[in-house]
Amino acid sequence: MERIPILKMGSFLLVTIQVDLYDRLALNLESDLINMVSKTGARGVLIDISAVSIVDSFMGRILGNIASMSRIMDAETVVVGMQPAVAITLVELGLTLQGVYTALDVEKGMELLQKKIDLYAPQSEDEEEQSPDDYTD
Amino acid sequence: MITLTKDTMQIVREQDVVPFRNRVREYATKIGMSLVNQTKLITAASELVRNMLKYASGGKVILEIISKNAQSGVRLTFVDEGPGIENVQQAMQDGFSTGKSLGLGLPGARRLVNEFNISSTPGQGTTVTVIHWKHGR
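As structure tokens, this is what we get:
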């Protein structure tokens, strides 16, 4: 069966959707991703939809589902690369992708994920390194 | 109003959705529709064809290129012989769904296209006709 490949990079999972998804493929992606999050302990999921020309309410719901499910599994989701025409259409359709983080491109998406994760990570090491410098001033 | 090109597609499985969307894109490109308008039309078509599969287990779509007052457009007619819709007015409201979906399909599709018409007879089926003009108005 056809599947969308999921790449692991550090503590992130990367998915690039290169084809127009039909329903079965989208549902497979949803369950594959959640399984991968659980198996790898990934802290972030990045979904690149720059090659996707149509996002309808079904596809939008899948993206929302992935984000909510990942959050429950302690991972954040960022959707990147949405085409302007898709964004215009989504809002008019009435789908605002609430609860899904978005970024313009993969680079910005990675930054966003990193920030989200740093936010929750213990900062003790950084503080120790920085404190001597602070005192010299 | 005159019809320039006409074709019919049978929709019986979810795998028919992507080829159908491609066909709609072909028609929209043929009359020089802009990308945003193409995306709106195809997304609306995707919602409607999905409804047809879900509630009536398929049907047929008539695709046409039409011309009126020197403006060209794409007309899609979705015909199914499913259970029909008891209360069309209710079905056209945002967030109403008898299935488990978001209830954006019909009202969302109406917002995305220039002309939208629905008629349904319980027990006999539903026909939805949409028109999107080249310049989106």
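Note that the protein sequences, when read in sequence, are chains F and L.
Residues in the first sequence are numbered from 20 upward in steps of one, following our numbering.
Residues in the second sequence are numbered from 9 upward in steps of one, following our numbering.
Heads up, the beta-carbon is just placed ideally off N, CA and C, and yes, glycines get one too.
Since this is a predicted model, take the numbers as computed values, not measurements.
Proximity to residue i [Cα-Cα], best of the options
{"i": "I19 of chain L", "options": "L:L12, L:L61, L:Q46", "result": "L:L61"}
{"i": "R31 of chain L", "options": "L:V87, L:F104, L:M17", "result": "L:M17"}
{"i": "V138 of chain L", "options": "L:Q132, L:T129, L:R119", "result": "L:R119"}
{"i": "V57 of chain L", "options": "L:V136, L:Y35, L:S80", "result": "L:V136"}
{"i": "L132 of chain F", "options": "F:A86, F:I53, F:R80, F:I25", "result": "F:A86"}
{"i": "S88 of chain L", "options": "L:A78, L:E22, L:N59", "result": "In the sequence as presented, Ser is not what sits at residue 88 of chain L; that position holds Asp. Residue L:N59 is the option with its Cα nearest to D88 of chain L."}
{"i": "G144 of chain L", "options": "L:K48, L:P91, L:T37, L:R21", "result": "L:K48"}
Proximal residues to residue i (C-beta, below 7 angstroms), its chain only, five neighbours per side dropped
{"i": "G40 of chain L", "result": "K142"}
{"i": "E21 of chain F", "result": "L44"}
Proximity test, Cβ basis, 8 angstroms: residue i and chain L
{"i": "E111 of chain F", "result": "yes"}
{"i": "S72 of chain F", "result": "yes"}
{"i": "S76 of chain F", "result": "yes"}
{"i": "I23 of chain F", "result": "no"}
Test: residue i CB closer than 8 angstroms to a CB of chain F
{"i": "G133 of chain L", "result": "no"}
{"i": "I50 of chain L", "result": "yes"}
{"i": "R145 of chain L", "result": "no"}
{"i": "Q23 of chain L", "result": "yes"}
{"i": "E123 of chain L", "result": "no"}
Paired residues, beta bridge with residue i - DSSP
{"i": "L32 of chain F", "result": "F:K27, F:V64"}
{"i": "Q117 of chain F", "result": "Looking at the DSSP assignment, Q117 of chain F forms no beta bridge with any residue, so it has no partner."}
{"i": "K68 of chain L", "result": "L:Q18, L:V87"}
{"i": "H140 of chain L", "result": "L:V82"}
{"i": "K76 of chain L", "result": "L:Q79"}
{"i": "A122 of chain F", "result": "F:V99"}
{"i": "F77 of chain F", "result": "Per DSSP, none; premise fails for F77 of chain F."}
Would you check if there are 3 or more beta carbon pairs closer than 8 angstroms linking the region 106–113 of chain L to the region 112–126 of chain F? Counting C-beta pairs closer than 8 angstroms gives three or more between the region 106–113 of chain L and the region 112–126 of chain F, which meets the contact rule.
Does the count of Cβ pairs from the region 47–67 of chain F and the region 94–101 of chain L closer than 8 angstroms reach three? no
Does the contact criterion of 3 or more C-beta pairs under 8 angstroms hold for the region 112–131 of chain L versus the region 63–73 of chain L? no
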